[in-house]
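Have a look at the structure below, then the notes.
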Amino acid sequence: MTSAELVIDRSATVMNRRRLARLVGSAECAAVVKADAYGTGLEGAVRALAADGCRTFFVAHPSEGIRAREVAPDAVIYVLNGLAPGTAGDYGPWRLRPVLGSPEDISEWQDYVHATELPGEAAVHVDTGMNRLGLAPADWGDVAARRRDNTLGFEITLLMSHLVSAEEPEAGINGRQIASFAEARALFPGVKGSLANSAGIFLGPDAHHDLVRPGYALYGGNPLPGERNPMEPVVRLSVPLLQVRDVRPGDAVGYNGTWIAGRPSRIATVSLGYADGFLRSGSAPTGVHAAEAVVAGVVCPVAGRISMDLLALDVTDVPGAKRGDEAMFIGGELDIDRVGRNAGTIGYEILTQLGRRHPRREVR
Ligand SMILES: *Cc1c(COP(=O)(O)O)cnc(C)c1O
């Protein structure tokens, strides 16, 4: 191979959504495409999912919503991060729906809808335990009363909340949030409800409501940590070896010489570093097993510091490894969850950092 390849398998994302949709029966399976579709490319993801029948998308910022709108003219698009002060005007022209999460968000949206005479469809986020976004329980009744009295001035098209620990099914907070969300829904009869992210879908029917909001699992992330990943991998990253050298016992590799050869070793240098989104926290001083790559079917550890544009792999166990051979950093047994663990983080962070420099290539 001659250059780095970051390959995005769109059909795998489509298959993953179909798989989740089957699990939730009659509930709608939307798609979260914030952060450039978790680093896989927002437009490509939205186009492929919309063509397969996905009708509802969630982004974090209005700018992402505009990008989604350009490729999905008929979709429903919600902007998760509430209404930043003074931004209501970014929503109307693009038919974006804000997810209103505070009394201030709601009054700003009311003013905007009143002034523009737009229908003003919006979601309302009720907080059930995250303490991040969403109306506190003490504010639910007031909003519900105004909806009942027809003084709200806009239509609530979705009532939603967000799970704190969905990927830990045994955590007590799940049951408390499910109960609290049911209380909220009772105050808003006739409004559709949405609670589950990727992992939340696997908590069972009590968490499904009318619409589920997976992100990570669509891009191949494991919604069931510690169990076999039921999703198809979407991302593959491979980079050719630039050069391979012999080092003697006692020789140091990389910045600050943190890795010292304990045996006669073969070290391969690769054009991949933290400026490419390959996190420096995957660095491996002597005795630490951190980031890895597969070369000729063998899992090889990173040796020493990951630098900005380069890293070193210990390919001693791959006899015959040579310049131009492929090192696969994500793919096969190196799924994004394992890559995340190796760097002391989660697969979500790995995905969203990729693609800054290596061009993405989509396959279908
Ligand atoms: C990011 C996000 C999701 C998707 O979560 P995943 O764990 O990636 O499936 C769903 N809902 C909200 C409110 C989010 O912020």
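Each residue of the sequence shown is one higher than the one before, counting from 1011 in the working numbering.
Beta carbons are placed, not taken as given, at the ideal position from N, Cα and C, and that holds for glycine.
Residues that residue i bridges to, as DSSP identifies them
i, result
"Q1253", "T1279"
"M1338", "S1248 and V1304"
"W1104", "Its beta-bridge partners do not exist; DSSP assigns none."
Among the options, the one whose alpha carbon lies nearest that of residue i
i, options, result
"V1109", "E1193, P1072, E1080 and R1077", "P1072"
"L1228", "M1011, V1056 and A1154", "V1056"
"S1112", "G1144, G1139 and W1104", "G1144"
"I1087", "P1129, L1234, V1123 and A1041", "A1041"
"G1214", "P1103, A1176 and V1024", "A1176"
"R1077", "L1093, I1116, Y1101 and T1097", "Y1101"
"F1198", "A1148, A1154 and R1258", "A1154"
"S1281", "G1049, G1210, G1051 and R1367", "R1367"
"V1304", "E1336, A1278 and R1290", "E1336"
"W1119", "V1024, R1142, A1094 and N1141", "A1094"
"D1324", "M1140, R1238, Q1253 and A1061", "Q1253"
"D1121", "A1098, T1138 and E1131", "A1098"
"F1191", "R1028, D1216, G1260 and R1370", "D1216"
"Q1187", "V1089, E1178 and H1172", "H1172"
"G1334", "G1287, A1278 and G1357", "A1278"
"H1135", "I1166, R1157 and G1287", "I1166"
Supposed contact pair residue j and residue i - C-beta distance, whole angstroms, cut 8 Å
i, j, result
"V1312", "A1331", "In fact, because the Cβ distance is near 15 Å, the residues do not count as touching under 8 Å."
"L1221", "E1038", "4 Å"
"R1246", "I1340", "6 Å"
"L1169", "V1201", "5 Å"
"T1355", "Y1048", "Not really, about 14 Å apart at Cβ, beyond 8 Å."
"V1244", "G1230", "4 Å"
Distance cut-off 7 Å: residue i Cβ against heavy atoms of ligand 1
i, result
"P1224", "yes"
"L1234", "no"
"V1069", "no"
"N1026", "no"
"A1227", "yes"
"A1209", "yes"
"N1172", "According to the sequence provided, residue 1172 is His. The question's Asn does not apply to it. Under cutoff, so the answer is yes."
"L1090", "yes"
"K1202", "no"
"V1042", "yes"
Check: residue i C-beta below 7 Å from any heavy atom of ligand 3
i, result
"K1332", "Ligand 3 is not among the ligands present in this structure, which contains only ligand 1."
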